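Q: Going by my numbering, the final residue of the sequence shown carries number 164, and the count climbs one at a time with no gaps.
Please find one structure pasted underneath; my questions will follow.
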Amino acid sequence: MREAWHDDAIVITPNPHTHALFADKRNLTILTDIDRMRAWGLSADVVDALSTIPRAVPVYCDNADDLWSRRKQLFFKPVSGHGGKAVYRGDKLTRSTWTQILASDYIAQEIAPPSERTVLIDNQPHPRKMDVRLYTYDGNLLLAAARLYQGQTTNFRTEGGGFAPVHFLPNAPTL
-10 MREAWHDDAI
0 VITPNPHTHA
10 LFADKRNLTI
20 LTDIDRMRAW
30 GLSADVVDAL
40 STIPRAVPVY
50 CDNADDLWSR
60 RKQLFFKPVS
70 GHGGKAVYRG
80 DKLTRSTWTQ
90 ILASDYIAQE
100 IAPPSERTVL
110 IDNQPHPRKM
120 DVRLYTYDGN
130 LLLAAARLYQ
140 GQTTNFRTEG
150 GGFAPVHFLP
160 NAPTL
């Protein structure tokens, strides 16, 4: 498989090289460092767009006391994890889990509360949390989907939850 990939005989997505470069959550600590982005000469529009990403910092022993004191406003994510595995809401952390986080490669990211939508189940309104995912390939949008859920994390067992369509309005203002 590796040889076929190197010979351009197959397409693997995500591309292993691209995944190694961009999927590492330490990138969030760079992209959310607005002063660094300005110092690098990024345009004001790009810096403004990046400023909407919840701030992330690496977790080190040097900043452990500060992060522990602010843990209720933070998520803790492994730098190479995916799918919510080993991700912890700070307000749910125990001291033993905190010790494990400090011994591993993690980032701390500000919590961004999800938006909510109301769905009808048996003609009764029920609130569901929502996030939007944009699936892309080679710089092109392939699919936009909303995930509806309840509880701490997304799942597909929530009644009235799962994927929902996203409709783009013609001539709508862009961000």
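Backbone N, C-alpha and C fix where the C-beta goes; we use that ideal spot for every residue, glycine too.
Keep in mind the model is a prediction, meaning the values are calculated, not measured.
Hey, which unbroken runs of the beta strand (DSSP E) at 3 residues or more fall wholly within the segment -2 to 77?
A: Runs of the beta strand (DSSP E) spanning 3 or more residues and lying entirely within the segment -2 to 77 occur at 45 to 47 and 63 to 67, in chain order.
Q: Thinking C-beta only, is G149 closer than 7 Å to V121?
A: no
Q: Straight-line CA distance for R167 to I96?
A: Any question about residue 167 goes unanswered here, given that the chain covers just -10 to 164.
Q: Determine the direct distance from the alpha carbon of D80 to that of Q98, and round the result to whole angstroms.
A: 13 Å
Q: Assign D80 to one of three DSSP states: helix, strand, or coil.
A: Of the three classes helix, strand and coil, the one that applies to D80 here is helix, per DSSP.
Q: CB-CB under 6 Å to D94, same chain, minus the five flanking residues each way: which ones, in chain order?
A: Around D94: V68.
Q: So, at 7 Å on beta carbons, what are the nonlocal neighbours of T125 in its own chain, with the 5 sequence-adjacent residues on each side left out?
A: L131
Q: Using a Cβ-Cβ cutoff of less than 8 Å, which residues in the same chain neighbour R117 once the five nearest sequence positions on both sides are dropped?
A: Excluding residues within five positions, the ones whose Cβ falls inside 8 Å are E105, R106, T107, V108, L137, Y138, Q139, T147, G149 and G150.
Q: In this structure, does DSSP put L104 in helix, strand or coil?
A: Sequence inspection shows Ser at residue 104; the Leu mentioned does not correspond to that position. If DSSP states are grouped into helix, strand and coil, S104 belongs with the strands.
Q: Take L17 and list the residues in its own chain whose beta-carbon comes closer than 8 Å to its own, dropping the five residues that flank it on each side.
A: Within the same chain, L17 has close Cβ partners I42, A45, I96 and Q98.
Q: Once the 5 residues before and after I110 are set aside, which same chain residues still bring their CB inside 7 Å of it?
A: E148 and G149
Q: Flag this pair as yes or no: are the beta carbons of L63 and L39 separated by less than 7 Å?
A: no
Q: Given that a residue counts as buried once 16 or more other Cβ atoms are within 10 Å of its Cβ, and exposed if not, what is L56?
A: buried
Q: What does the Cβ neighbour count give for F145, buried or exposed, with the cut at 16 atoms within 10 Å?
A: exposed
Q: Measuring only the C-alpha atoms, how far is H156 from A133?
A: 8 Å
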